[in-house]
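Each residue of the sequence shown is one higher than the one before, starting from 1310 at the first, in our numbering.
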Amino acid sequence: MADRIIASSAPEWRDAAREMLAASLPDATIEPEGDDLLAIAAEGLSIADVAEIVRGDRIPFVRHLFREVGQVTLFGRQPVGGAVDAIVDTLLALPVPLPPMASLQVWASGTVETIFRPDELRRELETSLSETGFRIERAGMPQVLSACIVGDHVLLGLNGVASALSDWPGGRVRLAKPSGQVSRSEFKLEEIFRTTDLPLPHGGIALDLGASPGGWTRILRGHGFEVVAVDPADLDSRLRRDAGIRHVRSTAAPYLAESRRAFDLIVNDMRMDPAMSVGLMVEASRHLKPGGVMIVTLKLSRHGAVAAVRAALARLDTVVEVELARQLHHNRDEVTVVGRKPA
Ligand SMILES: C[S@@+](CC[C@H](N)C(=O)[O-])C[C@H]1O[C@@H](n2cnc3c(N)ncnc32)[C@H](O)[C@@H]1O
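Structure (C-alpha cells):
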C-alpha cells in the first residue's frame, strides 16, 4: 500500500486545499481524515513530492504535512500510560529504525475522545522515548515524529522537517501576546518574520498600507524600519509620538500616485477584494527598491476563493517573484503572499 501523506489546513479551508491538491495530483486519492486533515495517497508519491507541489503550485491552504507510519487505536477511556506504551511499541517496531534524535510534535485534530490532553501525551511520550535512549526536542531537529489524535485513534508520522512545511505541530504556530500589542493582526506579520526562512529586509524604510490601528506598524518598528503608515483612520495613541512613524491620513491609491519614495518593504493588510488589493500592489511595486519585498494579505470570501487566489498570484507574478503563498496559522479567511522585486 502507498504511504499516506497527511496534510493539515484550517477546517473551513480543507475543501479548498483538497480542490487544489486534486488539480495538481490527478492520480492521487485525497480523502478527508479529520476536520482539518486530508490523507493523500498515490503509488510512489513521497512527502517530498507533495511538499514540492504545495510550494511550486502554490497551494496556500496546506499548512503542514507528515508521512504516516502507523496508527494506534485508543480504547474507551484509556489512560495516557496505555496510549504511550502502544505508541512506543508501534514506533519501535517500524521497519526502519527511529532516528537517534527528533522533534516530537503532538496535537489533536477536531474534537477528540481521549481523557488526556495532547500536552500530557507529549510529556509522557517524551519521557518514555528519552528513557529508551532517544533525544527528543520540541522543534529544531532534522526529523519530526508526529502523533496526531483524531477521534479514537492516533496517527503517527515520521519525516524530515524540510518536507513538513512548518516546524510546529500541525502547522499551529503559537506566539505569546507581546506587551504593548496594538492589534491581533500583529500575529500575522510576526508569524512571517519568526517562522519562515525567507531573507526579509531588516531595517530601512517600510510602507504600511491600511495601517490603522497600527499593529503591523508597531511590528515593523520592532524590526528596525522607519514606517510610512497610510490609512484614513487613526493610529493607536501609543504610536503617535514615535518619530520613526509618519502617518499619512489617506487611502492607498492617491498616496501611491503622488509619492516619489522608494521602500525596502511594502505591506498591505487592507480589508478589500483581492483583485483590488493586488491591483494596488502592482502600483505599489513601482515604489519597491530592487530586491525589496512586499507582503500582502488577500482577504477571501468562501465563494470562488481558489480562482481568486490563482488570479491574484498570476497578477503578482508580473511584478515580483512570489516566494510564499500560505494561509498562516494566524490568518482567518485570508492568504498571505510574500513577493520580491527582482534585483
Ligand atoms: C485589518 S485593518 C489593518 C490592521 C493593521 N494591519 C494592524 O495590524 O493594526 C484594515 C485597515 O485597512 C484600511 N483600509 C481599507 N481600505 C483602505 C484604502 N483604500 N486605503 C488605505 N487604507 C484602507 C482600513 O481603514 C483599516 O484600518
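The beta-carbon is built from N, C-alpha and C at its ideal position, and this holds for glycine as well.
Distances taken from the Cβ of Asp-1551 to the heavy atoms of ligand 1 include none shorter than 7 Å.
The three-state reading of DSSP puts Pro-1427 in helix, counting H, G and I together. Between Glu-1535 and Gly-1553, the gap from beta carbon to beta carbon is short of 8 Å. Contact annotation, Arg-1569 with Gly-1600: C-beta distance approximately 19 Å; criterion of less than 8 Å not satisfied.
Secondary structure note for Phe-1443: it is in no beta strand (DSSP E), with a DSSP letter that is neither H nor E. Between Trp-1322 and the set Leu-1347, Asn-1577, Ser-1559 and Ala-1562, the nearest pair of CA atoms involves Leu-1347. About 14 Å separates the beta carbon of Met-1450 from that of Ser-1475, a gap too long to meet the 8 Å contact definition.
Looking from the CA of Leu-1633, the closest CA among Phe-1572, Asp-1506 and Leu-1589 belongs to Asp-1506.
Taken atom to atom, the span from the alpha-carbon of Leu-1625 to that of Leu-1589 is near 10 Å. Judged by beta-carbon spacing, Ser-1472 lies within the 8 Å limit of Ala-1360, meaning their Cβ atoms are closer than that value. If you compare the alpha carbons of His-1639, Ala-1316 and Ala-1593 with that of Glu-1495, the shortest gap goes to His-1639. Per the DSSP secondary-structure output, Met-1410 pairs in a beta bridge with Arg-1444. Restricting attention to His-1462, Val-1421, Pro-1408 and Arg-1611, the CA atom closest to the CA of Gln-1380 is found in His-1462.
Restricted to the segment 1609-1642, the alpha helix (DSSP H) segments that are unbroken, complete and at least 4 residues in length are 1614-1625, listed in chain order.
Distance from the CA of Val-1405 to the CA of Val-1371, rounded to the nearest whole angstrom, comes to 27 Å. A direct Cα-Cα distance of roughly 27 Å separates Ile-1368 from Asp-1573. For Ser-1546, the shortest C-beta to heavy atom distance toward ligand 1 is 7 Å or greater. Within the same chain, Ala-1350 come within 6 Å of Thr-1338 by CB-CB distance, once the 5 residues on both sides are set aside. When distances are taken from the beta-carbon of Ala-1561 to the heavy atoms of ligand 1, the shortest one is below 7 Å. Looking only at Pro-1388, Val-1459 and Gly-1385, the smallest Cα-Cα distance to Trp-1416 is reached by Val-1459.
Of the other Cβ atoms in all chains shown, 16 or more fall within 10 Å of the Cβ of Ile-1528; this residue is therefore buried. When distances are taken from the beta-carbon of Pro-1487 to the heavy atoms of ligand 1, even the shortest one reaches 7 Å or more.
Taking a 10 Å sphere around the C-beta of Ala-1485, we find fewer than 16 other C-beta atoms and assign the residue as exposed.
No residue range can be given for Val-1482, since it is assigned to no beta strand (DSSP E) and is classified by DSSP as neither H nor E. Looking at Ala-1448, Asn-1468, Ala-1652 and Asp-1345, the one whose alpha-carbon comes closest to that of Val-1378 is Asn-1468. Looking at the DSSP output, Gln-1452 shares a beta bridge with Gly-1469.
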